Amino acid sequence: MFVNDCLNINEQGHLTIGGCDTVALAQEFGTPLYVIDENTVRKNCRSYVNSMKNYYGGNGLPLYASKALSCKALVQLAESENMGLDVVSGGEIYTAMKAGFPPEKIQFHGNNKTQSELEMALDYNIGKIVVDNLYELELLNRLAKEKGKTVKISMRIKPGIDAHTHDFIMTGQIDSKFGFALETGEAMEAVKKTFSFENVELTELHCHIGSQIFDIDPFVSAGKVMMDFIGDIKKQTGYVIQELNLGGGFGIMYTTADNPTAYDNYMKAVSEVVIAKAKEYNIPIPYIYIEPGRSLVGEAGITLYTVGGRKEIPNIRTYVSIDGGMTDNIRYALYDSAYTVVNASKADKTPNEKVTVAGKCCESGDLIQKDTPVYDVQVGDTLAVLSTGAYNYSMASNYNRNPRPAMVMVKDGKARLIIKRETYDDIIANDLDL
Ligand SMILES: *Cc1c(COP(=O)(O)O)cnc(C)c1O
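Here's what the structure looks like:
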């Protein structure tokens, strides 16, 4: 009935998630409210871990790309499922450290890590730093030297793959702000340069071709290109790279128009090409990492809102106003993202109208979805937006000084708060008087 397994409908006709009535959750915790189903996240983690076992002999580690949803509870959940972690900022490192995540299982990404972030990573002994450019390589080497450390690094490569996704979330092609280009020789030069630095040790190559990708082909091509590069490095320098990070980007279902592939299919195809290439170049089969973010948490999450108004503009459209908006979900405004909206108070009814769900911010572009099918929305109804577990809370802002919503985790009919709702005092906490 719904794209998300954790959703259902109870006797009152209310939408449920993880066995909890969403209308009751909205009453108990207030709205807007993020809700995430623990069992779904765990099931997703296990599908990655198991698929790595089944198709690659367990010779690798899935890392949770925590930028999708970074908070202590999710980081701890990833750890309890034996995953590693990806971080992209000092704030995400700090979250992971405060959550007690083992630093050696963390990789630190970003195209402009600041000096203080790099120092922080070195001080916490973060497992690997994924170097993005030559400035960073030099800076990192100098900082590591000052601290008397040698740091393991990966190197972000642009494999030159066009992943058929939205322009803003496509990162593997040459015209991208991330990483070293293969075609121009820039990547090879950078690899050679690392050999002249004493305080960095290049053990891994990394690529990430984009996000919300459904085809297997671009992942397989990326695997091939990266293995060819590892072969090339061996040929030119004799040095053998032992680890390969193939990034994330696996697509999820936002609406019934999306058709994700079972993760096993991806892992099987990529394993085959990596193993074949290792044989071809006579190098050990590399230890591999993958970095799912969206696909671990996206479909597990929903957002609940309370409808505060309805404006019917004859022959144009009907606006339904909710008590959140671009401050808690900026993805429609940013990417035109599609979402499924459900009237959670009347979830047993078939949609009978199309409405435009508008946020409460002072921006005309503050919409969650335009002309979307839903059943008879009235003031006071609880509206649910599905598949909001990824890149919603993590992209939230305080625009118009709206406090960020709370998040509850549900499991088998029970709900508990994992992120408190911000208060107005939180919002002015850093303000100083004139
Ligand atoms: C964003 C990102 C990911 C996760 O992407 P998803 O599409 O959420 O799976 C993985 N690796 C890197 C380097 C990223 O930037």
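Counting in this note's numbering, the sequence shown runs from 5 upward without gaps.
All C-beta atoms in this analysis are idealised placements derived from N, C-alpha and C, irrespective of residue type, glycine included.
A quick note: this is a predicted structure, and the numbers were derived from the prediction, not measured.
Check                                                                                                               : Outcome
CB contact flag (residue 250, residue 295, <9 Å)                                                                    : yes
Exposure of residue 121, with buried meaning 16 or more beta-carbon neighbours within 10 Å                          : buried
3-residue-minimum beta strand (DSSP E) runs that sit fully inside the region 364-420, ordered along the chain       : 371-378, 386-390 and 410-415
Contact set for residue 201: own chain, Cβ-Cβ below 6 Å, skip 5 residues either direction                           : 145
Alpha helix (DSSP H) runs wholly inside the region 235-322, at least 4 long, in chain order                         : 267-285 and 298-301
6 Å CB neighbourhood of residue 135 in its chain, flanking five on each side removed                                : 141, 157 and 159
Residue-level contact to chain B via CB, residue 127, 9 Å cutoff                                                    : Annotation note: the requested chain B is absent from the structure, which comprises a single protein chain.
Host beta strand (DSSP E) of residue 160 (start-end)                                                                : 155-162
Within 9 Å, strictly: CB atoms of residue 44 and residue 76                                                         : no
Supposed contact pair residue 229 and residue 290 - C-beta distance, whole angstroms, cut 8 Å                       : So it is not a contact: roughly 14 Å between Cβ atoms.
Residues that residue 217 bridges to, as DSSP identifies them                                                       : 254
Top-ranked residue by Cα proximity to residue 365, from 340, 350, 397 and 331                                       : 331
Environment of residue 215 [buried if 16+ CB atoms lie within 10 Å]                                                 : buried
For residue 430, the first and last residue of its enclosing beta strand (DSSP E)                                   : No beta strand (DSSP E) holds residue 430; the alpha helix (DSSP H) holding it covers 428-432.
The region 249-267 touching the region 296-316, judged by at least three CB pairs closer than 8 Å                   : yes
Test item: CB-CB of residue 29 and residue 394 under 9 Å                                                            : no
Which of helix, strand or coil DSSP assigns to residue 135                                                          : strand
9 Å Cβ cutoff met for residue 154 and residue 196                                                                   : no
CB contact flag (residue 36, residue 343, <9 Å)                                                                     : no
Test item: CB-CB of residue 414 and residue 42 under 9 Å                                                            : yes
Where the beta strand (DSSP E) through residue 111 begins and ends                                                  : 110-112
Helix, strand or coil at residue 107 according to DSSP, with G and I counted as helix                               : helix
Among 217, 184, 212 and 313, nearest to residue 227 - alpha-carbon criterion                                        : 212
Terminal residues of the beta strand (DSSP E) in which residue 347 lies                                             : 345-347
Residue range of the unbroken beta strand (DSSP E) whose run includes residue 362                                   : 357-362
Shell residues, 5 Å Cβ cut-off relative to heavy atoms of ligand 1                                                  : 69, 72, 113, 212, 215, 251, 252, 253, 295, 296, 297 and 298
Opening and closing residue of the alpha helix (DSSP H) in which residue 194 lies                                   : 190-199
Cβ-Cβ distance between residue 60 and residue 411 below 9 Å                                                         : no
Cα-Cα separation between residue 362 and residue 56, rounded to whole angstroms                                     : 42 Å
Continuous beta strand (DSSP E) assignments of at least 3 residues falling wholly in the region 23-47               : 37-41
Given residue 327 as reference, the closest of 96, 191, 284 and 408 once Cα atoms are compared                      : 408
Residue 316 classed as buried or exposed, judged by whether at least 16 other C-beta atoms fall within 10 angstroms : exposed
Nearest candidate by alpha-carbon position, reference residue 85, set 92, 91, 274 and 65                            : 65
Unbroken alpha helix (DSSP H) run spanning residue 338, endpoints                                                   : 335-339
Reduced DSSP category for residue 204 - H, G, I as helix; E, B as strand; rest coil                                 : strand
Residue of 371, 268 and 359 minimising C-alpha distance to residue 339                                              : 371
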